[in-house]
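There are 2 protein chains.
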Amino acid sequence: MHFLVVFKNVGSQLFPEEFSMERITMAHGAGGTVMSDLIKNHVLKHLGGSSAEVPLEALDDSAVIDNIVLKSDSHAVKPLFFPGGDIGRLAVAGTVNDIAMVGAEPVALTCGMILEEGLPIADLDRILESMEKTCKEAGVYVVTGDTKVVEKSGFGGCIINTSGIGKRNEALEKNILEVKKHRTFDSRWVLDSNLRKGDKLIVSGTMGDHGITILSAQEGYNFGSQIKSDVTPLNNVVMKLLNVGGIVAMKDPTRGGLSNSLNEWSMKSKVGIMVQESKVPLRGDVKAACEMLGLDPLEIGNEGKVLIGVVPQKAEEILSALRETKEGKDAQIIGEATSNFSEVVLETVVGGKRIMAPPIGDPVPRIC
Amino acid sequence: MHFLVVFKNVGSQLFPEEFSMERITMAHGAGGTVMSDLIKNHVLKHLGGSSAEVPLEALDDSAVIDNIVLKSDSHAVKPLFFPGGDIGRLAVAGTVNDIAMVGAEPVALTCGMILEEGLPIADLDRILESMEKTCKEAGVYVVTGDTKVVEKSGFGGCIINTSGIGKRNEALEKNILEVKKHRTFDSRWVLDSNLRKGDKLIVSGTMGDHGITILSAQEGYNFGSQIKSDVTPLNNVVMKLLNVGGIVAMKDPTRGGLSNSLNEWSMKSKVGIMVQESKVPLRGDVKAACEMLGLDPLEIGNEGKVLIGVVPQKAEEILSALRETKEGKDAQIIGEATSNFSEVVLETVVGGKRIMAPPIGDPVPRIC
């Protein structure tokens, strides 16, 4: 029912009435069940098969092989510049964050640019300057790259792939030791599959800011106040939290938002998840925009937030440490893992309970 | 003079009469001096600055940091399928080869796909199947990936970024020991800057096959016989040659062809290079096609060939080992490094000498 509203308002291009099994649609890149089916039924059928410690098949934030964390992320956000950020900041933060999400310290990035004929070189300079600034914030460097140009075709001027490597460090070792004080834990990394009943779930701040910013920029909406993207590198915050310890899983809720991330965790960890809607931080203007457009803010992507699964004994300590940071000042404990059921269940503001099904996709196209 | 011919025949889109300093043109992605200026004046101004062993600034085939070889390559070849290969084979071989070119053994790949709305899923399956097959040939796996979709805009259906990591192995150590028997050598890798006077230059086979294949496919030319792309992973051949030893530099002459690679070597190694035109292997049909179109086959890109710089004492041995392989059966010693001059000089078939200036770009757009 919900999606019919989405179709009519903004998503007709993203969610065609029938999902063609014959051609690629925007939904195949929107981070929900349609994309996940494409990956499982097509990509994994041919690629993968490695003996990596965290292989392609894990579909986690990053892979791990030979103790090296490896991640690749293409960024096709449209428009290139938006309130709070741009494609350059997104490209650096996106990959740095995915490396940090498995508990690793980012070591180096690559930068593969697809430029569209006609892109003003001044725009390219702005993007590169923003990448430079974001790299400095994150404390990483671009060490290799590649540039390709394609004919003017209106895809938006620039697509950037950043890949990167990361490594274990003392903070991760300390974190794992702390987890082991409280329960058995046989993982060497912070993974989607590590959640166990009783673990507390924390989000670092307000949900949906990035996606609603991009939607506003794409459609020319004006929601009265300036909604800004949250795009930011989170590796320094993550290192601080790992030093506190007790974290078992982390995820940056990008495409498909919090709802997609929680459903992935529930599936991969084989636990139920209970979330209290009233605890999920939301900006008033984002909430209002979502109500107006018939969108669920929990299905809207973020680019500077982290979802954390932590052993219950350390939840308050992690929450306090997170709230001391600029990026985590609005952090909340939003729920916990449970063995009472196997789905993601939302306890709504009015006290009802509903299953939070995995989203078909992110209703905002090309947010990252 | 030569380039005026190129302009009129096929390159008007690639080489506009004036190189705009304000907007991106096709030449900015064509692997020659225009691209190199863009990278030096814009990309390096903002990115780089790392303390990596082989950093971004080296502009070598791959970077090296913490003993890990790291490479990123985006593939925007048009059309997606062509005689002898497809974008999937190209994406795997391209990155594997760049890792092998510094003397490393490829460990793992990433796959970041940009799909265009409307791409037939059957085409995606063909591409993935080809990646799978090429990965098997090279003995590597894709361990992580990312999928994005952009609206139908006519850029060609699919762009694939493959990044990858590689590591040192025994063959590289053995190769370096062998070099050190014959001259002082302080590099830990096989690099563009390692060439010294007297080193012999070998190419593994015929030049220009890939570029002319793509041009034929793009323009619907028919050159009487079937010219096929040479796209293939070279890492196994390279490992075999490193075990013979004596190699100081390697490069796969892709965009801008042999001419661009030799000029990069000359500049980075600060040596002159003498090449005998009569020794450069060329297919008859590629040569004829180039004559017809006013193109220089030495400026046309390859995807399955390696240019090797080797200490003179080992040149014949490397040549023999190379000729024993399927990929290197047409290998030739084509010239040597010299201190008599500082440019790349071609001794032509008729006995004249001319400076082989670095190409402005590859005259065939979107070959990789």
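As given, the protein sequences belong to chains A and B, one line each in that order. First residue of the first sequence: 1, per my numbering; consecutive thereafter. First residue of the second sequence: 1001, per my numbering; consecutive thereafter. Even glycine gets a Cβ: it sits at the ideal position worked out from N, Cα and C.
| Item | Value |
| --- | --- |
| Backbone secondary structure at B:N1260 - three-state DSSP | helix |
| Nearest to A:D73 (by Cα), restricted to the options A:K148, A:I159, A:S130 | A:I159 |
| Outcome for A:A122 when other beta-carbon atoms lying within 10 angstroms are tallied against a minimum of 16 | exposed |
| Buried or exposed by the 16-neighbour rule on C-beta atoms within 10 Å, applied to A:P120 | exposed |
| Residue environment, A:S204, which counts as buried when at least 16 other CB atoms sit within 10 Å | buried |
| Chain A contact residues for B:F1155, given Cβ-Cβ distances below 7 Å | V150, S153, F155 |
| CB of A:L115 within 8 Å of CB of A:T147, strictly | yes |
| Cross-chain neighbours of B:P1120 in chain A, by beta carbon under 7 Å | E22, R23 |
| Listed by chain order, chain B residues near A:M131 by CB distance under 8 Å | H1046, L1047 |
| Spatial neighbours of B:C1368 in its chain, beta-carbon cut-off 7 Å, leaving aside the 5 residues before and after | H1075, V1077, L1090, G1094, T1254, R1255, G1301, E1303 |
| Close Cβ partners of B:V1345 (< 8 Å) along its chain, the five nearest in sequence each way excluded | G1272, I1273, M1274, V1275, K1353, R1354, I1355, M1356 |
| Chain B contact for A:G85 (CB, 8 Å cutoff) | no |
| Interface flag, B:S1261 vs chain A, CB-CB below 8 Å | no |
| Three-state class that DSSP yields for A:V364 in the structure shown | coil |
| Residues in the stretch 53 to 66 of chain A having any Cβ partner in chain B nearer than 7 Å | P55, L56, S62, A63, I65, D66 |
| Coarse secondary structure for B:M1113, derived from DSSP in three states | strand |
| When A:L293, A:I39, A:S266, A:V231 are compared against A:G88, the one with the closest alpha-carbon | A:V231 |
| Chain A within 8 Å of B:A1076, Cβ atoms only | yes |
| Nonlocal neighbours in the same chain, by C-beta distance under 8 Å from A:G351, ignoring five residues either side | none |
| Pair within 8 Å by beta-carbon distance, A:S225 and A:F82 | no |
| Any C-beta of chain A under 8 Å from that of B:T1325 | no |
| For A:C290 and A:D296, the rounded distance between their alpha carbons | 6 Å |
| Residue range of the unbroken beta strand (DSSP E) whose run includes B:R1354 | 1353 to 1355 |
| Endpoints, the alpha helix (DSSP H) within which B:V1092 is located | 1087 to 1101 |
| Partner residues on chain D for A:H210, Cβ-Cβ distance less than 7 Å | The chain inventory of the structure shown lacks chain D, comprising the protein chains A and B. |
| Interface partners of A:A108 on chain B, CB under 9 Å | S1050, A1052, A1063, I1065, D1066, I1068, L1070 |
| Proximal residues of chain B, C-beta to C-beta of A:S163 below 7 Å | S1072, T1110, S1163 |
| Secondary structure of A:P120, DSSP reduced to three states | strand |
| Per-residue DSSP class, three states only, for A:G211 | helix |
| Local Cβ density within 10 Å of A:V349, reported as buried at 16 or more and exposed below that | exposed |
| C-beta neighbour in chain B for A:V102, strict 8 Å | no |
| Whole-angstrom distance between B:K1287 and B:G1359, CA atom to CA atom | According to the sequence shown, residue 1359 of chain B is Pro rather than Gly. Roughly 18 Å between the two C-alpha positions. |
| Residue-chain proximity (B:M1274, chain A), Cβ-Cβ < 8 Å | no |
| Chain A contact residues for B:V1143, given Cβ-Cβ distances below 7 Å | S50, A52, P55, L56, A63, I65, L70 |
| A:G284 burial status per 10 Å Cβ neighbour count (16 or more: buried) | exposed |
| Neighbouring residues, chain B, relative to A:E117 (Cβ below 7 Å) | I1024, T1025, M1026 |
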